[in-house]
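Q:
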Amino acid sequence: MEMAAAVLAFVAEAAHAVGAGAGDLVSWLQSLLFVDVVQPMLFHIGMMDVEEDTYDALYWVIVGVLEVGLMYALLRPLEALAPVEKWRDRKGVGVDALYTWIARLGVLNLLFFFTMQPFFDRAQSALRLMGVRTVDLDNLWPGVTTQPLVAFAFYLVVLDFCSYWYHRLSHRYGIWWELHAVHHSQRKMSLWCDNRNHLLDVLGQSCMFAAVALVIGVPPAQFVVLVALTDFVQNVQHANIRLHFGWLGERLVVSPRFHRRHHAIGYGHEGTTYGCNFGVLFPWWDMMFGSASFNRAIEPTGIRDQLEGMCYGEGFWTQQGYAFARIARRLRTRARAGAAAQAAQTTEAATRDDATVS
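Okay, here's the thing in structure tokens:
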């Protein structure tokens, strides 16, 4: 028991040291760039009134750039050495890189978290005045969950559980699916394609992630790490890498092979009622709720109707616009079906009335 406690303390200290070192590096780059580049530019264009906000935003931009650089340096060589699929060209992958830069530099999760934090602080204060206890995962197990590393693990599991259901429900409802279909329409999975999403879907997911984090009391510093870790793991899952984690590993963490099954035509969103392998970080939820598939077969990825000529757009704006067109078509079909059903009911009622009269 003492040995386990010592190991946990060592890991916690090491993680804290790594996190502190990374934070110091980002802060140093933030100050350097702001003083030497950004502040003079703001002064030159007469926008010094946004100086403070710009300085804060620069931190998250630097985090995003470092994230993209790290994932490219680690994953791109692996894609070249051990690809699942060999392509004649990388046409269509470039737009996914654009999505990645927008997602990482826009930092929507962080924006919503820090924007919503004052609201949640006021709400929690009001609840405390009324004697209502709020969620406090840190004190769930005094002496254990109060350890930063343990608390971080709890936050990660809770957020992943919510992300699983958000993801699964996006396959369940037609209009929501049309937004999420932007993500599944990529036929060439690569390290970039995790961020290929409709902007409205990104908006909803960012709101959910930030709201849950605030409700369970995630500290700002840990939230930044949670977002960065979740994003990086999802980049690994989508990479074109022939990689699996073994029988046990596949059941502990979502691997590229496990997630590729989710993108497979005819399986990912059509196989187990409304799909399989929805887990974001952990496959536990799929195993628990009956949506897991550990089939090792490598299947083509994409959406079934793409094989029949359905176009989801090649560029960023066409992909965004086509989603709205599909939603409009779905709504029109639903309206016509409703009108036809109502007409049939009217005809049936009239027939019954005629029969009664005769």
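Using this note's numbering, you'd call the opening residue of the sequence shown number 3 and step up by one each time. The beta carbon of each residue, even a glycine, is placed where N, CA and C say it ideally should be.
Run the CB neighbour count on residue 53, radius 10 Å, all protein chains shown included, and call it buried at 16 or more, exposed below.
A: It is exposed - the Cβ of residue 53 has fewer than 16 other Cβ atoms within 10 Å.
Q: Where residue 194 and residue 341 are concerned, what is the direct C-alpha to C-alpha distance, given to the nearest angstrom?
A: Between residue 194 and residue 341, the C-alpha separation is close to 44 angstroms.
Q: Is residue 263 near residue 245, with beta carbons less than 8 angstroms apart?
A: Going by C-beta atoms, residue 263 is not nearer than 8 angstroms to residue 245.
Q: Are residue 306 and residue 180 close, meaning C-beta to C-beta below 8 angstroms?
A: No; because the gap between Cβ atoms is not below 8 angstroms, this pair is not in contact.
Q: According to the Cβ coordinates, are residue 182 and residue 173 closer than 8 angstroms?
A: Closer than 8 angstroms, so yes.
Q: Indicate the three-state DSSP secondary structure (helix, strand or coil) for residue 299 in the structure shown.
A: Residue 299: coil per DSSP, three-state reduction.
Q: The alpha helix (DSSP H) spanning residue 280 covers which residue range?
A: Per DSSP, residue 280 belongs to no alpha helix (DSSP H) and is neither H nor E.
Q: Secondary structure at residue 330, three-state DSSP: helix, strand or coil?
A: Helix, per DSSP.
Q: Roughly how many whole angstroms lie between the Cα atoms of residue 314 and residue 128?
A: Spanning the two alpha carbons is a distance of roughly 47 angstroms.
Q: Please go through the region 200 to 285 and give each complete alpha helix (DSSP H) segment of 4 or more residues, from N-terminal end onward.
A: You should have 201 to 217, 222 to 240, 248 to 252 and 258 to 265.
Q: If you follow the alpha helix (DSSP H) that residue 87 is part of, which residue opens it and which one closes it?
A: It is not in any alpha helix (DSSP H) - residue 87 carries neither H nor E in the DSSP assignment.
Q: From which residue to which residue does the alpha helix (DSSP H) around residue 174 run?
A: That run of the alpha helix (DSSP H) goes 150 to 174.
Q: What residue range is occupied by the uninterrupted alpha helix (DSSP H) comprising residue 44?
A: 41 to 46 is the extent of the alpha helix (DSSP H) around residue 44.
Q: For residue 236 and residue 284, I'd like the C-alpha separation in whole angstroms.
A: So the alpha carbons of these two residues sit roughly 11 angstroms apart.
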